[in-house]
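Visitor: My questions will all concern the structure given below.
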């Protein structure tokens with residue numbers, strides 16, 4: 001139920017998705033909204049997206065140093081948006097000890113992730129206007145075109161539109 005609910009939320013809001021190692025499988029990595037895994041073993045575009053995001057919705061993420069890199073430089077745009085009251089980190093987590101352990105959440109939501117995430121689905125989203133796979137939005141212009149990027153991009157030529 002969780003992956004289907006996540007997909008519904010993502011498609012209704014046209015929201016890009018990154019995953020952690022423990023979150024792999026929660027969202028279809030071949031979907032045009034997937035930025036793949038973030039962190040030291042993740043994709044450049046996932047890491048760039050996290051650094052530039054106004055809002056981060058974290059579902060059970062632990063925010064360890066393999067995901068954040070230097071803690072004090074992680075997600076500067078998100079922290080700035082939180083201070084201005086227009087964004088921040090919304091952290092869904094079942095274990096209270098993991099909230100604000102590494103990264104300060106603007107809105108911590110304790111409890112079962114799927115149950116709490118269900119409350120976001122009925123929200124009327126103003127979908128983000130992007131008509132290419134999200135990875136292309138965050139891919140650095142100087143990024144080398146590796147063979148696996150070409151393969152991935154060729155299977156992700158879906159136009160992103162709200163349902």
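In the UniProt record's numbering, the protein residues as written are 1 to 163.
A virtual CB, placed ideally from N, CA and C, is assigned to each residue, including glycine.
Quick caveat, the model's predicted, so the values are computed rather than measured.
For the 8 Å Cβ check, are there 3 or more pairs between the region 34-47 and the region 9-20?
Guide: They touch, by the three-pair rule.
Visitor: Classify residue 117 as helix, strand or coil using the three-state DSSP reduction.
Guide: Residue state, collapsed to three classes: helix.
Visitor: If I measure Cβ to Cβ from residue 51 and keep anything under 7 Å in the same chain, skipping five residues before and after, which residues do I get?
Guide: Here the set comprises 75, 76, 77.
Visitor: Between which two residues does the alpha helix (DSSP H) harbouring residue 96 extend?
Guide: Note, residue 96: premise wrong, no alpha helix (DSSP H); not H, not E.
Visitor: Using the three-state DSSP reduction, which class does residue 87 fall into: helix, strand or coil?
Guide: Residue 87: coil per DSSP, three-state reduction.
Visitor: At which residue ranges does the UniProt domain "Thiamine pyrophosphate enzyme central" (5-115) contain complete beta strand (DSSP E) runs of 3 or more residues, listed in the order of the chain?
Guide: 17-19, 34-37, 55-59, 88-93, 107-110, all fully within the UniProt domain "Thiamine pyrophosphate enzyme central" (5-115).
Visitor: Taking the alpha carbon of residue 113 as the reference point, which residue from 64, 82, 60 has its own alpha carbon closest?
Guide: Among 64, 82, 60, the Cα nearest to that of residue 113 belongs to 60.
Visitor: Cutting at 6 Å between CB atoms, please list the residues of its own chain near residue 108, excluding the five before and the five after it.
Guide: If we look at residue 108 and ignore the five residues flanking it on each side, its Cβ neighbours are 91, 99.
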